Structures are given as structure tokens and as C-alpha cells.
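Residue numbers (my numbering): 4 to 228. We treat Cβ as the ideally placed atom computed from N, Cα and C, and that holds for glycine. All of these numbers come straight from a predicted model, not from anything done at the bench. Shown next, in C-alpha cells, is the structure this report addresses.
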Amino acid sequence: MATTNGEDAQEIENILKGEESLLTREQEVERVVAAFKLNPYEILDLDMTNPTAITESVIRKTYRQKSLLIHPDKLSHPRGVEAFDLLKKAEGFLLDPEKRKGLDETIKDARMLTLRRLNLPDSTPDEHEKLAKLVPSFQFRVGLKTKEIIIEEELRVRRARKMTMIAEGTEAKRQEDAIAKRKRELEEKKRWEETREERVTDWRSFQKGEGSGKKKKKQKLQVLG
Numbered sequence: 004m005a006t007t008n009g010e011d012a013q014e015i016e017n018i019l020k021g022e023e024s025l026l027t028r029e030q031e032v033e034r035v036v037a038a039f040k041l042n043p044y045e046i047l048d049l050d051m052t053n054p055t056a057i058t059e060s061v062i063r064k065t066y067r068q069k070s071l072l073i074h075p076d077k078l079s080h081p082r083g084v085e086a087f088d089l090l091k092k093a094e095g096f097l098l099d100p101e102k103r104k105g106l107d108e109t110i111k112d113a114r115m116l117t118l119r120r121l122n123l124p125d126s127t128p129d130e131h132e133k134l135a136k137l138v139p140s141f142q143f144r145v146g147l148k149t150k151e152i153i154i155e156e157e158l159r160v161r162r163a164r165k166m167t168m169i170a171e172g173t174e175a176k177r178q179e180d181a182i183a184k185r186k187r188e189l190e191e192k193k194r195w196e197e198t199r200e201e202r203v204t205d206w207r208s209f210q211k212g213e214g215s216g217k218k219k220k221k222q223k224l225q226v227l228g
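The following block contains the structure:
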């Protein structure tokens, strides 16, 4: 009986562990899809306060751990594939030196602005006592400021792109109007040339008719005299 009870207890423990593991996997999927899509550090859940300390090996290791945790072949979740793809794109972005450089500069600016808001010098280390006691955390604040900067820059780029498209559209319309005008002028010139003989003939006929009228009038005056 004791053995049976022990087996039952082990089975229950295994079930609970399985449910806990499933819950963890599902929570990770939800975390990934809820992360700010323009910040790969957030997608991979990496500490952004000091991006230079995050090496390529750390990026690869983190990606591997998280991708195995939520791999679509191991977890049935409506957004599992989406989350998996986001992890892969985030890893690829951070492993590209040129792309990562721009993001790291943005995070550096966000960190500086966050420290200044806290009335702390730019050189304040992450281990500073005041930073350690912050609620929300310093990492959260830097992430939020990073998001604000990225969104502002994205909006600026979109506005500039829109203005460029408008300008290009205006220029295209101007060129289109110029072409249409030139086409009309050529058509009018062509019609003018095509009717040239007709106009000359009409003019000659008019001149001839006017001459005959004058001659008849002169003859009539002579008869009266």
C-alpha cells in the first residue's frame, strides 16, 4: 500500500511539474509577443542598461534557451510560431554589428536621460544604491525611455517619408502636366499644318471674290458716267 501511495504521489508531482512547465512556456510566448517589436533586447529579455556587456555568445545562448522553451514542435499555442519567429529575428538583428550599433546608441541616450531625470550623473554605475532601490526598476525605466526615443524616431522617419512622397507626387504631377501641355501644343501645330492648304485656298478664294466685286462696281460706275 505504501508503495502505491508513493507511486501516486510521484505521479501527481510529475503532473504538477508538467503543468508548471506548460504554464512557463505559455507565459514566455505571451511575453515575447507583447514585447516592443522594435527592440530586440526586450524580445530576448536581455538587460539593456549595459548593452556593451552583452556578448554574441550571450545572445546566442539566450536565443537557444528561449527558442527551445517555446519551439512550435514542443508547444501548441496560437501565437507560438509568431513568438518563435520574433526570437529568431531579434537574434539576427543583435548579431549584425551595424544594426546593433544604432540601437545601442539609442539605449545609451535613454540611459543618460533616465539618470538625469533622477538627478544622477551620466557616469553613475548600475550598482549604485539609489538605482538598486528604484521602483519601477532602473532597467524598466531605461527600456521605457528607449521605447519613447525609438517611437519618436520612427514617427519622424515616417513623416519625412510621407513628405518625400508628397513632394515626389507633386513633381510627378508637374511633369505630367508639362508633358500633356507639350502634347497639346504638338497636336495643335500638327492640325495647323494639316489645314494650311485649306486656309490658303480659302484666302485666295476670298481675295478673288473681293477683286471681282470691285471690278463689277467700277464697270457700273463707268456706265453711269
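Please classify residue i as buried or exposed, where buried requires at least 16 neighbouring CB atoms within 10 angstroms.
i	result
Thr-52	buried
Glu-45	buried
Ile-182	exposed
Val-138	exposed
Arg-28	buried
Val-84	exposed
Ala-2	Absent from the structure is residue 2, since the part of the chain shown begins at 4 and ends at 228.
Lys-192	exposed
Val-203	exposed
Lys-176	exposed
Lys-235	This structure gives no information on residue 235, because the portion of the chain shown stretches from 4 to 228.
Leu-19	Low local confidence applies: a pLDDT of 49 at Leu-19 is under 50, so the model's placement there is unreliable, and no value is given.
Lys-133	exposed
Lys-69	buried
Closest by CA to residue i, which one among the options?
i	options	result
Leu-26	Leu-72, Leu-147, Asn-42, Thr-65	Leu-72
Ala-86	Lys-184, Asp-48, Gln-68, Val-36	Val-36
Val-32	Ser-60, Arg-82, Thr-58	Arg-82
Glu-59	His-80, Arg-34, Arg-103	Arg-103
Starting from the C-beta of residue i, find all residues in its chain whose C-beta is less than 7 angstroms away, skip the five residues before and the five after it, and write them out in chain order.
i	result
Leu-227	Reliability of the predicted coordinates at Leu-227 is poor, the pLDDT of 49 falling under 50, and the value obtained from them is presented with this limitation in mind. Around Leu-227: no qualifying Cβ.
Asn-122	none
Consult DSSP for residue i and reduce its assignment to one of helix, strand or coil.
i	result
Phe-39	coil
Asp-99	coil
Glu-130	coil
Ile-57	coil
Ile-73	coil
Arg-119	helix
Thr-27	helix
Leu-137	coil
Asp-50	coil
Arg-82	coil
Among residues of its own chain, excluding the 5 on either side of residue i, which ones have a beta-carbon nearer than 6 angstroms to its beta-carbon?
i	result
Pro-43	Ala-93, Phe-96, Leu-97
Leu-78	Arg-28
Ser-234	The shown model of the chain, from 4 to 228, leaves out residue 234, and the question about it has no answer.
Whose C-beta lies closer than 8 angstroms to the C-beta of residue i among residues of the same chain, with five residues either side of it excluded?
i	result
Ile-169	none
Ile-62	Leu-47, Leu-49, Glu-94, Leu-97, Leu-98
So residue i packs on residue j, CB below 8 angstroms; how close in whole Å?
i	j	result
Leu-41	Ile-152	No, Leu-41 and Ile-152 are not in contact; Cβ-Cβ is about 10 angstroms, not under 8 angstroms.
Pro-75	Ile-110	Wrong, their Cβ atoms sit about 30 angstroms apart, outside the cutoff.
Arg-119	Val-145	In fact, because the Cβ distance is near 12 angstroms, the residues do not count as touching under 8 angstroms.
Leu-89	Tyr-66	Not quite, the Cβ-Cβ distance comes to about 11 angstroms (not below 8 angstroms), so this is no contact.
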